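Given below as structure tokens:
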């Protein structure tokens with residue numbers, strides 16, 4: 020199993036931990052399926068009233084899809100299989116609050132998860148970036164999710180700068196991506212403290228509020244996401260060229276702002 024799930028019935032808080040630190044908590048197909056299963060299980064568990072989502076280790080919250088994962092695609096720009104489309108709580112019709120706790124890197128496909136969390140708590144080590152353009156890929160779903168949280172210019176800069184620049188925790192807080200910054204290692208505890216407060220409120224009122232907040236943005240987001248497959252199919256370089264660019268990457272070479 021590449022997820023760890025624990026639940027405290029006294030507080031009503033569950034903690035979901037991406038547990039692939041040796042791969043910087045990158046998501047393979049098994050992890051994606053486990054996330055889907057966990058969210059759908061929580062729908063039927065009244066003892067879980069709030070969730071903290073975090074990553075194992077200190078280096079990364081999540082670095083998107085594992086580069087070794089092979090995802091065969093239909094030969095058409097109108098059909099695309101994206102294994103990350105169902106990894107978030109909202110995609111699985113879960114309307115219990117989810118708080119993300121981020122340490123280290125959060126990049127690429129991590130934004131599918133952060134985009135469906137109610138809010139994000141990060142420690143001072145957290146950095147956020149989107150490598151897609153550097154490796155010849157369109158940042159579609161990721162940018163669309165980020166555009167629901169951050170000013171358009173900040174999303175554009177993050178997406179277009181690729182691996183050359185990362186947003187630090189403080190800048191993420193200033194731009195609305197993060198709601199609280201903690202000392203190193205403090206994000207899970209801070210997120211859990213928030214989750215415990217929320218879980219102590221009447222569940223019906225909390226879940227109705229979560230649904231209302233999502234309703235405020237889901238119509239525009241749905242229209243955006245519907246265009247993503249074609250944009251990716253038209254703009255992505257061939258897979259072998261993407262692999263060449265990824266293999267040629269060099270350590271460092273980025274600034275944090």
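Residue numbers (this note's numbering): 20 to 276. Beta carbons: idealized from backbone N, C-alpha and C, even for Gly. Predicted, not measured: the structure shown is a model, and the values here were computed from it.
Closest in alpha carbon position to residue 243, among 161, 85 and 137, is 161.
When 70, 263 and 268 are compared, the shortest CA-CA separation from residue 136 is found for 70. When Cβ pairs closer than 8 Å are counted between the two stretches, the region 121 to 128 is seen not to touch the region 220 to 235, the count staying below three. Taking the C-beta atoms as reference points, residue 127 is found nearer than 9 Å to residue 82. With a cutoff of 9 Å on beta-carbon distance, residue 155 and residue 260 are scored as near each other. In the structure shown, residue 155 adopts coil according to DSSP, grouped into three states.
When the five nearest sequence neighbours on each side are left out, the beta carbons in the same chain lying within less than 7 Å of the beta carbon of residue 26 are those of 33, 66 and 67, in order along the chain. About 21 Å separates the CB atoms of residue 152 and residue 132; that is not less than 8 Å, and the two are not in contact. Setting aside the 5 residues that flank it on each side, residue 202 is surrounded in the same chain by 142 and 143, each with a C-beta closer than 8 Å to its C-beta; the list follows chain order. Secondary structure within the region 163 to 214: the alpha helix (DSSP H) runs of 4 or more consecutive residues, fully enclosed, are 171 to 180 and 188 to 193 (chain order). 9 Å or more divides the Cβ of residue 51 from the Cβ of residue 93. Taking 8 Å as the upper bound for CB-CB distance, residue 149 and residue 177 are in contact here, some 6 Å apart. When the Cα atoms are used, residue 117 and residue 140 turn out to be separated by approximately 11 Å. Secondary structure note for residue 227: its alpha helix (DSSP H) is the uninterrupted segment 222 to 254. Taking all protein chains shown into account, residue 170 has fewer than 16 neighbouring C-beta atoms within 10 Å of its C-beta and is therefore exposed. CA-CA distance, residue 217 to residue 240, rounds to 26 Å. Less than 9 Å divides the Cβ of residue 73 from the Cβ of residue 37. In this structure, the alpha-carbon of residue 129 lies about 23 Å from that of residue 267. Under the criterion of beta carbons closer than 8 Å, residue 84 and residue 43 do not qualify as touching, at roughly 12 Å. Shortest Cα-Cα distance from residue 108 to any of 189, 245, 53 and 210 involves 53. For the set 253, 193, 159 and 172, the Cα lying nearest the Cα of residue 97 is the one of 253. If you draw a straight line from the Cα of residue 272 to the Cα of residue 183, it is about 6 Å long. As computed with DSSP, residue 67 is found in no beta bridge at all.
The beta carbons of residue 115 and residue 80 sit no closer together than 9 Å. Taking a C-beta distance under 9 Å as the contact criterion, residue 185 and residue 269 do not qualify as a contact pair. In the DSSP assignment, residue 26 forms a beta bridge with 33.
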